[in-house]
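Report on one structure; see the data block that follows.
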Amino acid sequence: MLKQLLTSISAVALLLVGSSANAVMQEPINLDQLLQQLQQGQFEQTEENKQREARFRAEANEQARILRDAIAERDRLEKLSETLETQFERNEIELAEVTDTLTQRMGSLRELLGVLQQVAGDTSSKLQTSFVSVEYPGRSEQLSALAQKMGSSSKLASIAEIESVWLALLQEMTESGKVSKFNTEVTLANGEKANTQVTRVGTFNMVADGRYLELVPGTDTVAELIRQPSGRYLDTVSALENADSNPVKFAMDPTGGSILGLLVQAPDLGERIDQGGTVGYIILALGAIGLIIALERFITLTLMGGKVKRQMKQDQPNDNNPLGRVMAVQRKYPDVDTETLELKLSEAILREVPKIQRNLTFIKIISVVAPLMGLLGTVTGMINTFQAITLFGTGDPKLMAGGISQALVTTVLGLVVAIPMTLLFATLNTRSRHIVHILQEQASGIIAERSERSH
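Residue numbers for the sequence shown, in mature numbering (1 follows the signal peptide of the UniProt record, and there is no 0): -23 to -1, 1 to 432.
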């Protein structure tokens, strides 16, 4: 029981000493050892507390010193702030007085600065879209910087800066009347870049390697037009590049490239046909079929008419032409009476008429159906256009005009097919009727001759 009591007292003593004891004490054997250990631990704790108190006093003194320094710095900064505020107010008053003096002394010079700023800005904008800037780059940026300077500063422009404006205008005016050749980087239609010789025609156009160029917006570089004009215009480009001192013809865009730029948006013949859609292709297919038939009929009737004319000059019938086959009926039935011969000849003519007028009706049908199909396509296209207007409104006239233009393509295709088919049908029908008329005329002559001999 006593041993358990000693163990409990020893544990309580260790808890009071805490973690300050670095060496592990041995378990006390008797009360004397326990008392000695408790006295030693209390002494060590007292020493540690004294050290803590001394350290706290030192830190408190340091904090007080820091506080005094901070208060002193605050007072100094407050005095400096008051001084600066006073100086700022004096400077504001002085600046206002100086500004008023400057305004009075500048007088009408302000108008000069405004005019200089406006002219520099307008000239910079013009030079950005000028082909001359490709040959003389950097002019627009210089004038733009001058315009910004005049707008954001009250300082007068120097003589050199003022001269740079009218020198740029004079250079632009002079170069607008020249045809110049120089090397520069050109962006080709396939996206590649190449350094090549270009020919500049004033401020209007620029060409290279037989093709028109356009100015890339916002830069001093040029690129090939994605779509070039027709060949007769490109021929003038080649003539210009190969010209000597003698005058040559050149197709020039006086707008500086705006008209040529519209060629990129204007559809070509293939794209126009595509706008006709399925109905347009059906109309073209009918036109192609009708043209083939008309060509075949024209050749056949022309050869047949020639053979008939030669047969008219011969008494011996030939089976290679309709008139010869009709004349052969007379020789085949030499002893029949006039009425019977007339019936036989009529029968022979009726057999020849379908061969002569074959497929002419089909050509006539195509000439009637083609415009009707074109009208059908137009109505369908207009329906689609009005549906688009219903969905997107009428805020974009370009959309409406484009839809109506596409709708009218089928009508154009129908008329393009119908008009030639009508003319071809009229021509071929006249030829066929002429041949049939010859057959009937010759048959009437044969009957008249037989009738005379019978009497």
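Beta carbons: idealized from backbone N, C-alpha and C, even for Gly.
query: What is the rounded straight-line gap between the Cα of residue 109 and the Cα of residue 246?
result: 35 Å
message: The alpha helix (DSSP H) that contains residue 192, what's its start and end?
response: Per DSSP, residue 192 belongs to no alpha helix (DSSP H); it is in the beta strand (DSSP E), 188 to 192.
query: From which residue to which residue does the alpha helix (DSSP H) around residue 325 run?
result: 315 to 333
- request: Would you mind sorting residue 150 into buried or exposed? The rule is 16 or more other CB atoms within 10 Å of its CB.
  value: exposed
- request: Determine the contact status of residue 405 and residue 300, defining contact as a CB-CB distance below 8 Å.
  value: no
- prompt: Is the stretch 385 to 396 in contact with the stretch 344 to 358, if contact means three or more CB pairs nearer than 8 Å?
  reply: yes
message: Output needed for residue 322: all residues of its chain with C-beta closer than 8 Å, excluding positions within five of it in sequence on either side, in chain order.
response: 303, 306, 307, 420, 423, 424
Under the three-state DSSP convention, the category residue 428 falls into: helix
message: Suppose you measure from the CA of residue 199 to the CA of residue 251; what does that come to, to the nearest Å?
response: 32 Å
message: Short of 6 Å in beta carbon distance, which residues of its chain neighbour residue 182, apart from the five on each side in sequence? Order them along the chain.
response: 229, 230
- request: Taking residue 264 and residue 394 to be in contact with their CB atoms under 8 Å, please state how far apart those CB atoms are, rounded to whole angstroms.
  value: 4 Å
task: Taking 8 Å as the threshold, find out whether the stretch 152 to 171 comes into contact with the stretch 195 to 210 through three or more Cβ pairs.
output: yes
- request: Please classify residue 412: does DSSP put it in a helix, a strand, or coil?
  value: helix
task: Tell whether a beta-carbon distance below 8 Å holds between residue 93 and residue 156.
output: no
message: DSSP three-state label for residue 100, please.
response: helix
- prompt: Terminal residues of the continuous beta strand (DSSP E) containing residue 183?
  reply: 182 to 185
query: DSSP three-state call for residue 68: helix, strand or coil?
result: helix
task: Go ahead and label residue 37 buried or exposed: buried means 16 or more other beta carbons lie within 10 angstroms of its beta carbon, across all protein chains shown.
output: exposed
query: Can residue 267 and residue 343 be called in contact, C-beta distance under 8 Å?
result: yes
CA-to-CA distance, residue 407 to residue 414, given in whole angstroms: 10 Å
field: Reduced DSSP secondary structure (H/G/I, E/B, other) of residue 162
entry: strand
- prompt: What alpha helix (DSSP H) runs, 4 residues minimum, are completely inside the stretch 245 to 311?
  reply: 246 to 252, 254 to 289, 299 to 309
message: Alpha carbons only, please: which of 58, 258, 339 is nearest the one belonging to residue 271?
response: 339
message: Bridge partners for residue 174 per DSSP, in chain order?
response: 160
message: Distance check for residue 129 and residue 79, CA to CA, integer angstroms please.
response: 16 Å
query: Do you know how far the Cα of residue 248 is from the Cα of residue 347?
result: 20 Å
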